[in-house]
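Peer 1:
Number of protein chains: 2
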Amino acid sequence: MTDLPAGYRALDAKTLADYLAKLKPIAARLGGSPQAWTIEEVGDGNLNLVFKVHGPAGGVIVKQALPYVRLVGEAWPLPLSRAHYEHMALSEQRRLTGALVPEIYHYDETLALIVMELLAPHIIMRRGMIAGTVYPKFAEAISTFLAETLFHTSDLALTADVKKAMIGAFSGNTALCKITEDLIFTDPYRIAKLNRWTSPQLDPYAERFRGDGDLKVAISRLKLKFLSSAEAMLHGDLHTGSVMLTPDDTRVIDPEFAFIGPMGFDIGAVLANFLISFFSQAGHEESPGARDAYRDWILATFVAIWEGFSAKFLALWETQAKGDAYPSDLFQGPLGAARLAGERQAYMQHLWADTVGFAAAKMIRRVLGLAHNIDLEWIKDATVRARCEARVLTLARDMMVNAGSYPAPGAIIRAARHFDQWQPPLGG
Amino acid sequence: MTDLPAGYRALDAKTLADYLAKLKPIAARLGGSPQAWTIEEVGDGNLNLVFKVHGPAGGVIVKQALPYVRLVGEAWPLPLSRAHYEHMALSEQRRLTGALVPEIYHYDETLALIVMELLAPHIIMRRGMIAGTVYPKFAEAISTFLAETLFHTSDLALTADVKKAMIGAFSGNTALCKITEDLIFTDPYRIAKLNRWTSPQLDPYAERFRGDGDLKVAISRLKLKFLSSAEAMLHGDLHTGSVMLTPDDTRVIDPEFAFIGPMGFDIGAVLANFLISFFSQAGHEESPGARDAYRDWILATFVAIWEGFSAKFLALWETQAKGDAYPSDLFQGPLGAARLAGERQAYMQHLWADTVGFAAAKMIRRVLGLAHNIDLEWIKDATVRARCEARVLTLARDMMVNAGSYPAPGAIIRAARHFDQWQPPLGG
Numbered sequence: 568m569t570d571l572p573a574g575y576r577a578l579d580a581k582t583l584a585d586y587l588a589k590l591k592p593i594a595a596r597l598g599g600s601p602q603a604w605t606i607e608e609v610g611d612g613n614l615n616l617v618f619k620v621h622g623p624a625g626g627v628i629v630k631q632a633l634p635y636v637r638l639v640g641e642a643w644p645l646p647l648s649r650a651h652y653e654h655m656a657l658s659e660q661r662r663l664t665g666a667l668v669p670e671i672y673h674y675d676e677t678l679a680l681i682v683m684e685l686l687a688p689h690i691i692m693r694r695g696m697i698a699g700t701v702y703p704k705f706a707e708a709i710s711t712f713l714a715e716t717l718f719h720t721s722d723l724a725l726t727a728d729v730k731k732a733m734i735g736a737f738s739g740n741t742a743l744c745k746i747t748e749d750l751i752f753t754d755p756y757r758i759a760k761l762n763r764w765t766s767p768q769l770d771p772y773a774e775r776f777r778g779d780g781d782l783k784v785a786i787s788r789l790k791l792k793f794l795s796s797a798e799a800m801l802h803g804d805l806h807t808g809s810v811m812l813t814p815d816d817t818r819v820i821d822p823e824f825a826f827i828g829p830m831g832f833d834i835g836a837v838l839a840n841f842l843i844s845f846f847s848q849a850g851h852e853e854s855p856g857a858r859d860a861y862r863d864w865i866l867a868t869f870v871a872i873w874e875g876f877s878a879k880f881l882a883l884w885e886t887q888a889k890g891d892a893y894p895s896d897l898f899q900g901p902l903g904a905a906r907l908a909g910e911r912q913a914y915m916q917h918l919w920a921d922t923v924g925f926a927a928a929k930m931i932r933r934v935l936g937l938a939h940n941i942d943l944e945w946i947k948d949a950t951v952r953a954r955c956e957a958r959v960l961t962l963a964r965d966m967m968v969n970a971g972s973y974p975a976p977g978a979i980i981r982a983a984r985h986f987d988q989w990q991p992p993l994g995g
Numbered sequence: 568m569t570d571l572p573a574g575y576r577a578l579d580a581k582t583l584a585d586y587l588a589k590l591k592p593i594a595a596r597l598g599g600s601p602q603a604w605t606i607e608e609v610g611d612g613n614l615n616l617v618f619k620v621h622g623p624a625g626g627v628i629v630k631q632a633l634p635y636v637r638l639v640g641e642a643w644p645l646p647l648s649r650a651h652y653e654h655m656a657l658s659e660q661r662r663l664t665g666a667l668v669p670e671i672y673h674y675d676e677t678l679a680l681i682v683m684e685l686l687a688p689h690i691i692m693r694r695g696m697i698a699g700t701v702y703p704k705f706a707e708a709i710s711t712f713l714a715e716t717l718f719h720t721s722d723l724a725l726t727a728d729v730k731k732a733m734i735g736a737f738s739g740n741t742a743l744c745k746i747t748e749d750l751i752f753t754d755p756y757r758i759a760k761l762n763r764w765t766s767p768q769l770d771p772y773a774e775r776f777r778g779d780g781d782l783k784v785a786i787s788r789l790k791l792k793f794l795s796s797a798e799a800m801l802h803g804d805l806h807t808g809s810v811m812l813t814p815d816d817t818r819v820i821d822p823e824f825a826f827i828g829p830m831g832f833d834i835g836a837v838l839a840n841f842l843i844s845f846f847s848q849a850g851h852e853e854s855p856g857a858r859d860a861y862r863d864w865i866l867a868t869f870v871a872i873w874e875g876f877s878a879k880f881l882a883l884w885e886t887q888a889k890g891d892a893y894p895s896d897l898f899q900g901p902l903g904a905a906r907l908a909g910e911r912q913a914y915m916q917h918l919w920a921d922t923v924g925f926a927a928a929k930m931i932r933r934v935l936g937l938a939h940n941i942d943l944e945w946i947k948d949a950t951v952r953a954r955c956e957a958r959v960l961t962l963a964r965d966m967m968v969n970a971g972s973y974p975a976p977g978a979i980i981r982a983a984r985h986f987d988q989w990q991p992p993l994g995g
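Just so you know, the sequences run in chain order A and B. The first sequence begins at 568 in the numbering used here and counts up by one. The second sequence begins at 568 in the numbering used here and counts up by one.
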């Protein structure tokens, strides 16, 4: 078990009420007396305690780290310091994106606890997509979130000393990075106790992936990039379970996996979850084709996310490039501007290729690794589910190994539509 | 001026003797009484005080950081913390390479002072190469130094938590990195007060480089890699002035620019200085062709450095890969081994391409930037010198922009021989 800092204790509804009562601004926000507050532990994530607190005047969310993985228990220790990194990342994201993340009301380092804005009537995006809900403003919001957080923490925006200080500040978040390194970049490609998949239907896929040299080289290159590319501050776990939203308002939550890593990892995470949702629709629609319009929305949004991100990132580069990379002195005059404009396109093309690879890694881990998505898990018929999953795997494998065949989002869209019609052979 | 830590004071011969007398093991090593010691300030580097101390029984070197750049004076402040990073890197290099670096006898963080092994009769390698001295064991030694230090501090050897701790530990050495970022990756390609070159002979070259869009894109890509690729612990300033040697013994000194960066930067630094030395021979030989055998040795050594490094790095990867990158679990059995062997070759090819680019950057900065090499500076006839320098610039420009045309050291050797015969047009 991790050494606990003096003063740390896991709170429950009773002790939390006492704690919050002593925080005047929080107590005022809730209103009334602590006896009038309702406190509900709602933690449906895998790692932490999450309390919803309501009072006569308003509500707050309280998130507290436990010294172990909540889902697994004390057998899997996990340092409380993740609350420190989450708070640091959330503060930075708030500064950079305003209301695209929850407001922080209070942070307690000793208790590894954050009191923040209660988002209502927001729901977890993944649940909304399972229900077939269209979010017309999501692409705009998430592309802004990605562009603002990635650009402003990169060498294009920061001087090297500030960037290195940020690298240093996040360099201790190794336990959370390790989860990613193992569960995304390693386990799905080897025999590992924690792996699980729809069996026996996907047994042949799991076995083939474990013997696929091209795929294992490709995932290892991505892992090396994850380990050694200090490009920008990442959210680090940016799937549709880390988004709470309404049709009008989008918020990104839970950045406890934050560190300085390759930008494509965050962008790829969002796009991977859109592809998983796309392929899962066959398991959720009332009758074949009933979700076709929703499928169209998913794929159109997939394209809009990249295009929105790309346009915004480039606009920031053109107007706010105060960092040490690509110094403006070197690209003066019309010729210099034209040359730099061309280089920006090359940069985005390179970032897209990274994004395709990381998206593929995120897709595969959700089918063959430990942590699955309810998009697929909630499909009760194992054969229907396995068919969806086999499509996810087959597209992802091709994206990872043949990233060059997908030079733009449109190529992925076309392949997704193709594989969605494909009847995959299943085991068993 | 940088804030000085309490207790810091710059030492002189008198105060240094008093200081050393109180360090029993050092005093014992010197022997006799302090009155019997001779202390000489020999700092011929640009940044620090360096004292040679001799006693009846033995000698030591004392290196003390000043709160400014020695060469320039108090107008250019530079933090004392560089001694901290130098000590940390030197300790690590000593652990990894044994007697390829000086032994550390004492470190004083407050005084920013390191007492270390006196190397005698070693001389600075650059001076030896100007004199035409052959060092038959250098390639073997430096390729070992590069392979051991780069491999063992990379993700191939370290688990991610240890690697990130190292990144964090060096993340404060920003002032020294900034010197590199400005003087190597930026200034030579723009009008900058500190730039100098042999004028008017090289004026057309300097002007052409400042207007060369391809070159400025290429140097900017290298700069971005320097800023964001956390591959391994670098020496950070590995030119032939950071090597002291005899024909039998090689030592690498002065790692105060150490940080976690792209491996090709260190390898490229060594190779760049060999190419500069090669082109400078025309300015040092007694009669045309008198140094032809020495030229052959330089170029053969150039090849041997890369080939030795490559073979040793690969051997370490094959036998000591305990890091998180390319996990062995994923490459089991004869097929897995064959696939990983192929990937290792691809990795080395990629590293070679980086090396070619960084070598080119190091060559250009020594001709058009602030800090020149005595290899070229000591050529008194400005026209002869400019001719050598124009050859350095022309090969380097092609290496940087067309790195793909130099897939192996042999291609650079052939180009170097070609340009050595070329009569460059000069300005003025």
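Cβ atoms here follow ideal geometry from the backbone N, Cα and C, with glycine treated the same way. The structure displayed is predicted, hence computed values, not measured ones.
(1) What residues are listed by DSSP as bridge partners for L616(A)?
(2) Pull the bridge partners of S796(A) from the DSSP assignment, please.
(3) For M568(A), which residues in the same chain have their Cβ closer than 7 Å to its Cβ, ignoring the five residues on either side in sequence?
(4) When Cβ atoms are compared, which residues of the region 745 to 774 of chain B fall closer than 7 Å to chain A?
(5) Would you say the region 903 to 914 of chain A touches the region 923 to 943 of chain A, given that touching needs at least three Cβ pairs under 8 Å?
(6) Pick out whichever of D965(B), D779(B), F752(B) has its Cα sitting closest to the Cα of L794(B).
(7) Do V682(B) and H689(B) have their CB atoms nearer than 8 Å?
(8) Between the alpha carbons of M967(A) and H719(A), how many angstroms are there, rounded?
(9) Contact between the region 611 to 622 of chain B and the region 655 to 667 of chain B is defined here as three or more beta-carbon pairs at a separation below 8 Å; is this criterion met?
(10) Considering only residues of the same chain and omitting the five flanking positions on each side of M915(B), which have a CB-CB separation below 8 Å?
(11) Excluding five sequence neighbours on each side, which residues of the same chain lie with their C-beta closer than 7 Å to the C-beta of W864(B)?
(12) How long is the line joining the alpha carbons of V934(B) and E956(A), rounded to whole angstroms?
(13) What's the C-alpha gap between L686(A) and G808(A)?
(14) Quick check on W864(B): does DSSP put it in helix, strand or coil?
(15) Given that P894(B) touches chain A, what residues does it touch there, using C-beta distances under 7 Å?
(16) Taking S787(B) as the query, report the chain A residues whose CB atoms sit under 9 Å from its CB, ordered along the chain.
(17) Does DSSP put M568(A) in a helix, a strand or coil?
(18) Please classify F846(B): does DSSP put it in a helix, a strand, or coil?
(19) Can you name, in chain order, every residue of its own chain whose Cβ lies under 6 Å from the Cβ of A836(A), other than the five neighbours on each side?
(20) Let's see if you can read the secondary structure: which residues bound the beta strand (DSSP E) around D675(A)?
(21) Please classify S972(A) as buried or exposed, where buried requires at least 16 other C-beta atoms within 10 Å of its C-beta.
(22) For chain B, is any of its Cβ atoms less than 8 Å away from the one on T720(A)?
(23) When you compare the CB of V784(A) with every CB in chain B, is at least one pair closer than 8 Å?
(24) Determine the chain A residues that contact G735(B) at a beta-carbon separation under 8 Å, and present them in chain order.
(25) Report the residue from A970(B), W884(B), M800(B), G936(B) whose alpha carbon sits nearest the alpha carbon of E659(B).
(26) Nearest-angstrom Cα distance between V959(A) and Q988(A)?
(27) Cβ closer than 9 Å: which chain D residues qualify as neighbours of L902(B)?
(28) Distance cutoff 8 Å, beta carbons only. Does A797(A) sit that close to anything in chain B?
(29) So if I threshold CB-CB distances at 7 Å, which residues from the region 813 to 841 of chain B count as touching chain A?
(30) Is the Cβ-Cβ distance between E653(B) and P822(B) less than 8 Å?
(31) Check the Cβ of L794(A) against every Cβ in chain B and list those closer than 8 Å, keeping chain order.
(32) Roughly how many whole angstroms lie between the Cα atoms of L657(A) and I827(A)?
(33) Under 8 Å, CB to CB, which of the residues in the region 931 to 943 of chain B have a partner in chain A?
(34) Once DSSP output is grouped into helix, strand and coil, what is the label at E607(B)?
(35) So, is the C-beta of K619(A) closer than 8 Å to a C-beta in chain B?
Peer 2: With the structure as the only source:
(1) Position 49 of the first sequence holds residue 616(A). BP columns for L616(A) point to Q631(A).
(2) Position 229 of the first sequence, counted from the first residue, corresponds to residue 796(A). Bridge partners of S796(A): S796(B).
(3) Within the first sequence, numbered from 1, the residue matching residue 568(A) stands at position 1. Model confidence at M568(A) stands at a pLDDT of 45, short of 50, so the residue's coordinates are unreliable; what they give is reported in the following sentence. Counting only Cβ-Cβ distances below 7 Å, and skipping sequence neighbours, we find P634, E641, P644.
(4) K745, E748, T753, Y756, R757
(5) no
(6) Position 227 of the second sequence holds residue 794(B). Cα-wise, what sits closest to L794(B) is F752(B).
(7) As a position in the second sequence, residue 682(B) is number 115, starting the count at 1. As a position in the second sequence, residue 689(B) is number 122, starting the count at 1. For V682(B) and H689(B), no; Cβs fall outside 8 Å.
(8) Mapped onto the first sequence, residue 967(A) falls at position 400. Mapped onto the first sequence, residue 719(A) falls at position 152. Taking the straight line from one Cα to the other gives about 28 Å.
(9) no
(10) Locating residue 915(B) in the second sequence gives position 348, counting from the first residue. Closer than 8 Å at the Cβ level, and outside the excluded window around M915(B), lie S877, F880, L881.
(11) On the second sequence, residue 864(B) is found 297 positions in, with the first residue counted as 1. The answer, listed in chain order, is V701.
(12) Indexing the second sequence from 1 puts residue 934(B) at position 367. Indexing the first sequence from 1 puts residue 956(A) at position 389. Using only the alpha carbons, I get a separation of about 59 Å.
(13) If you number the first sequence from 1, residue 686(A) lands on position 119. If you number the first sequence from 1, residue 808(A) lands on position 241. About 14 Å.
(14) Counting from one through the second sequence, the residue named residue 864(B) turns up at place 297. In this structure, W864(B) counts as helix in the three-state DSSP scheme.
(15) Counting from 1 along the second sequence, the entry for residue 894(B) is found at position 327. Result: T753.
(16) Here the question's residue 787(B) lines up with position 220 in the second sequence. Those are A892, Y893, P894, L897, F898, L907, E910, listed as they occur along chain A.
(17) As a first step, residue 568(A) is located in the first sequence; it is residue number 1 there, counting from the start. Interpretation of M568(A) is limited by its pLDDT of 45, a score under 50 that renders its predicted location unreliable; no figure is taken from the coordinates.
(18) For the purposes of this step, residue 846(B) is taken as the residue at position 279 of the second sequence. DSSP places F846(B) in helix when its eight states are reduced to three.
(19) Against the first sequence, residue 836(A) aligns to sequence position 269. Closer than 6 Å at the Cβ level, and outside the excluded window around A836(A), lie L805, H806, K929.
(20) For the purposes of this step, residue 675(A) is taken as residue 108 along the first sequence, with counting starting at 1. 671 to 675 is the extent of the beta strand (DSSP E) around D675(A).
(21) Walking along the first sequence from the start, residue 972(A) turns up at place 405. It counts as exposed.
(22) Start at 1 with the first residue of the first sequence, and residue 720(A) comes out as number 153. Not an interface residue.
(23) Here residue 784(A) refers to the residue found at position 217 of the first sequence. Closer than 8 Å: yes.
(24) Numbered from its first residue, the second sequence carries residue 735(B) at position 168. Those are I734, G735, S738, G739, listed as they occur along chain A.
(25) Working through the second sequence from its first residue, we reach residue 659(B) at position 92. Of A970(B), W884(B), M800(B), G936(B), the residue nearest in Cα terms is M800(B).
(26) Within the first sequence, numbered from 1, the residue matching residue 959(A) stands at position 392. Within the first sequence, numbered from 1, the residue matching residue 988(A) stands at position 421. Between V959(A) and Q988(A), the C-alpha separation is close to 12 Å.
(27) The chain inventory of the structure shown lacks chain D, comprising the protein chains A and B.
(28) In the first sequence, the residue the question calls residue 797(A) occupies position 230. Chain B, which has a Cβ nearer than 8 Å to the Cβ of A797(A), makes this yes.
(29) none
(30) By 1-based counting over the second sequence, the position of residue 653(B) is 86. By 1-based counting over the second sequence, the position of residue 822(B) is 255. The answer is yes: Cβ separation under 8 Å.
(31) Here residue 794(A) is taken as the residue at index 227 of the first sequence, counted from 1. Ordered by position in chain B, the residues that pass the 8 Å Cβ test against L794(A) are D722, A727, K730, D891, A892.
(32) Within the first sequence, the letter at position 90 stands for residue 657(A). Within the first sequence, the letter at position 260 stands for residue 827(A). L657(A) and I827(A): Cα-Cα distance of roughly 14 Å.
(33) none
(34) The residue labelled residue 607(B) in the question sits at position 40 within the second sequence. Strand, per DSSP.
(35) In the first sequence, counting from the first residue as 1, residue 619(A) sits at position 52. With 8 Å as the cut-off, K619(A) does not count as an interface residue toward chain B.
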